[in-house]
Amino acid sequence: MAAADYGRAMPRFTLNLLVRDVQKSIPFYKDVLAAKVQYADADFAALSLQGVDFMLHADHTYDHHPLFERLNVVGARGTGAELRVMGIDPDAAEKRAKAAGTRIIQAAMDFPHGWRDVMLEDPDGYIWAVGVVIP
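Numbering (my numbering), first residue to last: 877 to 1011.
The following block contains the structure:
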């Protein structure tokens, strides 16, 4: 699909995560979160998770963008934001995360607000809290 067609087809709300290495990031999304990879190359990936389409862009694709300077910061990205997705078994995700060597920020547990989730860190430091509503 042409880039312009893909852009026009995006939902009203989506995510675009800037990552150091798209190919290094894909296994986290595919193998740990069970996202579907619609398209991927060295610069860009289009993924779908629980019916939400989102994107990964390699840092270097922003080399002429005002954000580029901020991408040179060493360390984890996304601090202060949790990317929450309901409908993913947190215990299964935690098991896949352990097998993949993914950093587990918080093990799967039940919370008073009625959710069971696990918090996982992607290769660039973005925090994903995935889980289910407690029946």
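Virtual Cβ for every residue (Gly too), placed ideally from N, Cα, C.
Between the beta-carbon of Asp986 and that of Ala1005 there is about 13 Å, and that puts the pair past the 8 Å contact cut. For the pair Tyr938 and Ile1003, the Cα-to-Cα distance works out to about 22 Å. Looking from the CA of Leu947, the closest CA among Arg896, Val1009, Pro988 belongs to Arg896. For the 9 Å CB-CB criterion, Phe920 and Ala934 form a contact. Following the DSSP letters along the chain, one finds Ala975 inside the alpha helix (DSSP H) bounded by residues 966-976.
When DSSP states are grouped into helix, strand and coil, Gln899 belongs to the helix group. The beta strand (DSSP E) runs of length 3 or more contained entirely in the stretch 977-1011 are, from start to end of the chain, 979-986, 991-997, 1003-1009.
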